[in-house]
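Chains as they are written, first to last, in the numbering used here: chain F, 6 to 453; chain L, 6 to 453.
2 protein chains.
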Amino acid sequence: MDLECASQETVKQGLLARGWPPIKGFSKHVKTKVLEFFSHLIKLGQDDPRRVVHSLKAGLALTLVSLFYYYQPLYKSFGVSAMWAVITVVVVFEFSVGATLGKGVNRGLATLLAGGLAVGAHQLANLSGRIGEPIVLGFFVFLQAAVSTFVRFCPQIKARYDYGLLIFILTFSLISISGFRDDEVFELVHKRLLTVLIGGSTCVIISVLLFPVWAGQDLHNLIASNMEKIGIFLEGFGDEYFKMPEDGESKEDRPLLQGYKSVLDCKTNEDALANFARWEPRHGRFQFRHPWKQYLKIGALTRKCAYRIESLNGHLYADIQAKREIRSKIQETCTIMSMESGKALKELSMAIKTMVKPFAADIHIENSKSSVKNLDTLLKSGLWDDETDLLEVVPVATVASLLIDVVTCTAEIAESVNELATMLKFEVVEPTVSPEKPETGQPKIEIS
Amino acid sequence: MDLECASQETVKQGLLARGWPPIKGFSKHVKTKVLEFFSHLIKLGQDDPRRVVHSLKAGLALTLVSLFYYYQPLYKSFGVSAMWAVITVVVVFEFSVGATLGKGVNRGLATLLAGGLAVGAHQLANLSGRIGEPIVLGFFVFLQAAVSTFVRFCPQIKARYDYGLLIFILTFSLISISGFRDDEVFELVHKRLLTVLIGGSTCVIISVLLFPVWAGQDLHNLIASNMEKIGIFLEGFGDEYFKMPEDGESKEDRPLLQGYKSVLDCKTNEDALANFARWEPRHGRFQFRHPWKQYLKIGALTRKCAYRIESLNGHLYADIQAKREIRSKIQETCTIMSMESGKALKELSMAIKTMVKPFAADIHIENSKSSVKNLDTLLKSGLWDDETDLLEVVPVATVASLLIDVVTCTAEIAESVNELATMLKFEVVEPTVSPEKPETGQPKIEIS
Numbered sequence: 006m007d008l009e010c011a012s013q014e015t016v017k018q019g020l021l022a023r024g025w026p027p028i029k030g031f032s033k034h035v036k037t038k039v040l041e042f043f044s045h046l047i048k049l050g051q052d053d054p055r056r057v058v059h060s061l062k063a064g065l066a067l068t069l070v071s072l073f074y075y076y077q078p079l080y081k082s083f084g085v086s087a088m089w090a091v092i093t094v095v096v097v098f099e100f101s102v103g104a105t106l107g108k109g110v111n112r113g114l115a116t117l118l119a120g121g122l123a124v125g126a127h128q129l130a131n132l133s134g135r136i137g138e139p140i141v142l143g144f145f146v147f148l149q150a151a152v153s154t155f156v157r158f159c160p161q162i163k164a165r166y167d168y169g170l171l172i173f174i175l176t177f178s179l180i181s182i183s184g185f186r187d188d189e190v191f192e193l194v195h196k197r198l199l200t201v202l203i204g205g206s207t208c209v210i211i212s213v214l215l216f217p218v219w220a221g222q223d224l225h226n227l228i229a230s231n232m233e234k235i236g237i238f239l240e241g242f243g244d245e246y247f248k249m250p251e252d253g254e255s256k257e258d259r260p261l262l263q264g265y266k267s268v269l270d271c272k273t274n275e276d277a278l279a280n281f282a283r284w285e286p287r288h289g290r291f292q293f294r295h296p297w298k299q300y301l302k303i304g305a306l307t308r309k310c311a312y313r314i315e316s317l318n319g320h321l322y323a324d325i326q327a328k329r330e331i332r333s334k335i336q337e338t339c340t341i342m343s344m345e346s347g348k349a350l351k352e353l354s355m356a357i358k359t360m361v362k363p364f365a366a367d368i369h370i371e372n373s374k375s376s377v378k379n380l381d382t383l384l385k386s387g388l389w390d391d392e393t394d395l396l397e398v399v400p401v402a403t404v405a406s407l408l409i410d411v412v413t414c415t416a417e418i419a420e421s422v423n424e425l426a427t428m429l430k431f432e433v434v435e436p437t438v439s440p441e442k443p444e445t446g447q448p449k450i451e452i453s
Numbered sequence: 006m007d008l009e010c011a012s013q014e015t016v017k018q019g020l021l022a023r024g025w026p027p028i029k030g031f032s033k034h035v036k037t038k039v040l041e042f043f044s045h046l047i048k049l050g051q052d053d054p055r056r057v058v059h060s061l062k063a064g065l066a067l068t069l070v071s072l073f074y075y076y077q078p079l080y081k082s083f084g085v086s087a088m089w090a091v092i093t094v095v096v097v098f099e100f101s102v103g104a105t106l107g108k109g110v111n112r113g114l115a116t117l118l119a120g121g122l123a124v125g126a127h128q129l130a131n132l133s134g135r136i137g138e139p140i141v142l143g144f145f146v147f148l149q150a151a152v153s154t155f156v157r158f159c160p161q162i163k164a165r166y167d168y169g170l171l172i173f174i175l176t177f178s179l180i181s182i183s184g185f186r187d188d189e190v191f192e193l194v195h196k197r198l199l200t201v202l203i204g205g206s207t208c209v210i211i212s213v214l215l216f217p218v219w220a221g222q223d224l225h226n227l228i229a230s231n232m233e234k235i236g237i238f239l240e241g242f243g244d245e246y247f248k249m250p251e252d253g254e255s256k257e258d259r260p261l262l263q264g265y266k267s268v269l270d271c272k273t274n275e276d277a278l279a280n281f282a283r284w285e286p287r288h289g290r291f292q293f294r295h296p297w298k299q300y301l302k303i304g305a306l307t308r309k310c311a312y313r314i315e316s317l318n319g320h321l322y323a324d325i326q327a328k329r330e331i332r333s334k335i336q337e338t339c340t341i342m343s344m345e346s347g348k349a350l351k352e353l354s355m356a357i358k359t360m361v362k363p364f365a366a367d368i369h370i371e372n373s374k375s376s377v378k379n380l381d382t383l384l385k386s387g388l389w390d391d392e393t394d395l396l397e398v399v400p401v402a403t404v405a406s407l408l409i410d411v412v413t414c415t416a417e418i419a420e421s422v423n424e425l426a427t428m429l430k431f432e433v434v435e436p437t438v439s440p441e442k443p444e445t446g447q448p449k450i451e452i453s
């Protein structure tokens, strides 16, 4: 018996042992995934703590409008219509003030307009008798839905009034159809409009008063930081390109210069922020009619510069590099061109950030332009001897030529930043230390 | 009297004459704007007639679900809840099948999940008495709204389940709050779920059965046409760059080659289409688990090539052009490189469009690669004499170098298109005429 028991136990343990690993493996997999997800969420919160604040604000707004249900006197006057206040809060409350205001205004105006038209449609349909009514109503619903849906394809309208058109279709359909069952259409429109207004204003008030997130400020920072990223690349480029990699060291080990990559694809983001910013009232240093278009212009020029830098970056890590002797001939001028353009861009970025007139940027641009001229002179003077392999000159010439393009782009960016500075009357602050002209003897390769 | 009358009339006419112009001007301005808007709408319809069809489909779907109100037996079973079917149609019906399906599934699942949890929350809150109930409910609403809003910031979730989370917040709040006033919570959830399902399936059925627009097909076409646009530029580039502008003719007069510009900024569009396409069932030549990621990879490589082309384009219209003698030395090889890369890209684009294994693309790529080698040999042989101004060599060298980059990019694109061809088992069709190797004597500059 003892033996039998023991052997049964062994079999059991054996089965468990055989059965366990896959289950254990699966539960371990799930555990890892869940932990990964949570650490990802924590990182999202750390990257931008405003996200946490926004989530709490959204919870608060929703809890506030749900008082319409809990508090008897409020519920008495609105009844089930209070639902529309809750729905409005859920769909209108957005991350930035501009987006919330835009959606709120769209929803309010669309409800008003669609409600009015639906009452008219209801009256017209009423005239056509019990059998004709659904036909007339159906026709109106079909017509407005088809027309409004088509108008939503128009890019200019989509950018600013897409949500309004959606709500227009929704409200017109709901009110005019409901009118078939309930003759108190006017009462319906009135209640719906009022609850939408209450929900919308709750969102706007919370969004403006509690730790507001301004889309305008975000656009402002995005434009400045994109310019800075390109500046950082350019400041580091000369040093990185002309340095010979030491043994066992690969150039690709340094991701420091890859920050500019994000600039290539941020047009959609910039456009969206500018659209939201247009709804925002005066806040801090931003007026209601702030020249957001100028920001987009600067952004487009920065992106144009980033395309050139993408080509330059390809040369940084190219397999075939020109020989040291060939590169060293233009090292100085190219390094100055790149470094000075980078400094100018960082200066311009700082000028936007602080809204102070860029002081030294023009000097840096002048320096980079005079390096271009130096390069011209160098090249004219017959830089490489006749023995030089032209094949090896090509990549170096390309880098030089791309850098000349970058200098041109930088000058264009500086011009449009200066336009912005004039439009917004940037402060003029005299710097305490004036930036020096670079010495032509030795390139300055310190990174500030 | 007569005189007085006449003078009064003159005054009146004078006033009218003075008052008219601004009103006339304003009404003329409005008329122009309205006409402009209508012609813009007509153009939108002509550009893509599927937009008109979609608008009619949206109208039809909405008219169909409004039958729930008009038809007595249906209204009897759903009552005012039929409203949810109408709302669902308005917000779920999207342009492509994938977008509609994605939103429909999100809405359905989120309503089910949130409804279930809200019933649980209602039961829990019921236990805490009349005074405790709103507090417990408020806490639940706040908690779920804050957590769900935060999770929406997660990019991977935002891409596919953003709408689901919105509906989750909405449904949970509505049902749990309504439970405070109406104990028939289960009935409420049941009706809401059923109407959402009816609305959602109306959308999906109409969207699939009547002239379906597949996001997958659109992505497929977009990737192919982007490649073609770049191919067109490259085919025309050599001709355009090496041609000397005739008197009074500006190079910028030809917008033919500017089609590639739209490729630079279409990442967002591609990502959105791929997200929609993932929801789509098997259709035509596309399976359910079609390798959309591979399309995105090809798209990214095409964009990388477009960045190089943006730099090339800058040289096309540069103020300073190298002298004819300098350019002519490398004209032949560069024209072949550009032309053959362009042909390869057009071939690859056609291969994707027709889903036939690219046949001649490899030959074109080999041709372009051998031109690169020819260029190397040319450069090694000491192409320009010692008198040549190096300054004038730089732009030409840059164009050559950028074209070499483009050849590399094209080879990468070809490789990933071949991967796609293997994944999807593209048809193999023997061409009737085999493409010839380019003659090295004369560059072929005919544009096919």
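Glycine included, every Cβ here is placed at the ideal spot set by N, Cα and C.
Check                                                                                                                                                                             : Outcome
Which residues, in chain order, does the region 156 to 169 of chain L contribute to contact with chain F at a C-beta distance below 8 Å?                                          : Val156, Phe158, Cys159
Considering Lys81/F, what are the terminal residues of the alpha helix (DSSP H) in which it resides?                                                                              : 77 to 83
Mind checking who Glu432/F pairs with in its DSSP beta bridge?                                                                                                                    : Val361/F
Rounded to the nearest angstrom, what separates Val91/L and Leu175/F at their Cα positions?                                                                                       : 8 Å
Mind checking whether Asn5/F and Arg165/F have CB atoms under 8 Å apart?                                                                                                          : Because residue 5/F is not part of the residues shown, which for chain F are 6 to 453, the question remains open.
Can you tell me whether His455/F is helix, strand or coil according to DSSP?                                                                                                      : Because chain F spans 6 through 453 in this model, residue 455/F falls outside it and cannot be assessed.
Taking DSSP as the reference, what is the three-state secondary structure of Leu407/L?                                                                                            : helix
Residues of chain A with a CB under 8 Å from the CB of Val91/L: which are they?                                                                                                   : Of the chains in the structure shown, none is chain A; the protein chains are F and L.
Could you tell me the alpha carbon to alpha carbon distance between Thr359/L and Pro217/L, rounded to whole angstroms?                                                            : 20 Å
Going by beta carbon distance, what residues of the same chain come within less than 6 Å of Phe242/L, once the five residues before and after it are set aside?                   : Ser343
Taking the straight line between their C-alpha atoms, what separation do you get for Gln455/F and Ala356/L?                                                                       : Since the first residue shown for chain F is 6 and the last is 453, residue 455/F is missing from the structure and cannot be characterised.
With 8 Å set as the bound, which would you pick, yes or no: does the beta-carbon of His34/F sit closer than that to a beta-carbon of chain L?                                     : no
To be precise: take each residue of the region 100 to 130 of chain F, compare its Cβ to all Cβ atoms of chain L, and keep it if any distance is under 8 Å. Which residues remain? : none
Verify the CB distance criterion: does Glu315/L have a CB-CB separation below 8 Å to chain F?                                                                                     : yes
When burial is assigned at 16 or more other CB atoms within 10 Å of the CB, is Asp223/F buried or exposed?                                                                        : buried
Among the residues of its own chain, which have a CB less than 7 Å from the CB of Glu315/F, if the five just before and after it don't count?                                     : Leu269
Quick one: is Tyr322/L buried, meaning 16 or more other Cβ sit within 10 Å of its Cβ, or exposed?                                                                                 : exposed
Note down, in chain order, all residues in the region 33 to 56 of chain F with a beta-carbon under 9 Å from any beta-carbon belonging to chain L.                                 : Phe42, His45, Leu46, Leu49, Gly50, Asp53, Arg56
Determine which residues of the region 330 to 350 of chain L have a Cβ less than 9 Å from any Cβ of chain F, and write them out in chain order.                                   : none
Under 7 Å Cβ-Cβ, which residues of chain F neighbour Gly205/L?                                                                                                                    : Neighbours of Gly205/L on chain F: none; closest Cβ ~16 Å, over 7 Å.
Are the Cβ atoms of Gly120/F and Arg186/F separated by less than 8 Å?                                                                                                             : no
Use the C-beta contact count for Ser82/L: other C-beta atoms within 10 angstroms, 16 or more gives buried, fewer gives exposed.                                                   : exposed
Residues in the same chain with beta-carbon distance under 6 Å from Asp252/F, minus the five sequence neighbours each way, listed in chain order, please.                         : Its pLDDT being 47, under 50, Asp252/F is placed unreliably by the model, and nothing is read from it.
Check whether the Cβ atoms of Val124/F and Val194/F lie closer than 8 Å to each other.                                                                                            : yes
Please identify the residue among Val213/L, Leu425/L, Lys378/L whose C-alpha is closest to the C-alpha of His59/L.                                                                : Val213/L
Check whether the Cβ of Phe185/F lies closer than 8 Å to any Cβ atom in chain L.                                                                                                  : yes
In this structure, how does DSSP classify Pro443/L when only helix, strand and coil are distinguished?                                                                            : For Pro443/L, the predicted structure reports a pLDDT of 45, less than 50, and the residue's modelled location is therefore unreliable. A value from the coordinates is still provided. Correct three-state label for Pro443/L: coil.
Can you pull the chain L residues whose beta carbon is under 7 Å from the beta carbon of Asp244/F, in chain order?                                                                : Within chain L, no residue comes near Asp244/F; the closest Cβ sits about 22 Å away, beyond 7 Å.
Check for me: the alpha helix (DSSP H) holding Val102/L runs from which residue to which?                                                                                         : 102 to 131
With DSSP collapsed to three states, give me the class of Glu275/F.                                                                                                               : helix
In whole angstroms, what separates the C-alpha of Thr374/L from that of Phe431/F?                                                                                                 : It should be pointed out that residue 374/L corresponds to Lys in this sequence rather than to Thr. Answer to the nearest angstrom: the Cα atoms are 53 Å apart.
For a test of the three-state rule: what should DSSP assign to Glu240/F, helix, strand or coil?                                                                                   : helix
To which residues of the same chain is Gln349/F closer than 6 Å at the C-beta, ignoring the five residues directly before and after it?                                           : The sequence given here places Ala at residue 349/F; Gln does not occur at that position. Result list for Ala349/F: Ala366, His369, Ile370, Thr415, in chain order.
Within this structure, are the beta carbons of Ala220/F and Leu278/F separated by less than 8 Å?                                                                                  : yes
List the residues of chain F whose Cβ lies closer than 9 Å to the Cβ of Leu199/L, in chain order.                                                                                 : Within chain F, no residue comes near Leu199/L; the closest Cβ sits about 18 Å away, beyond 9 Å.
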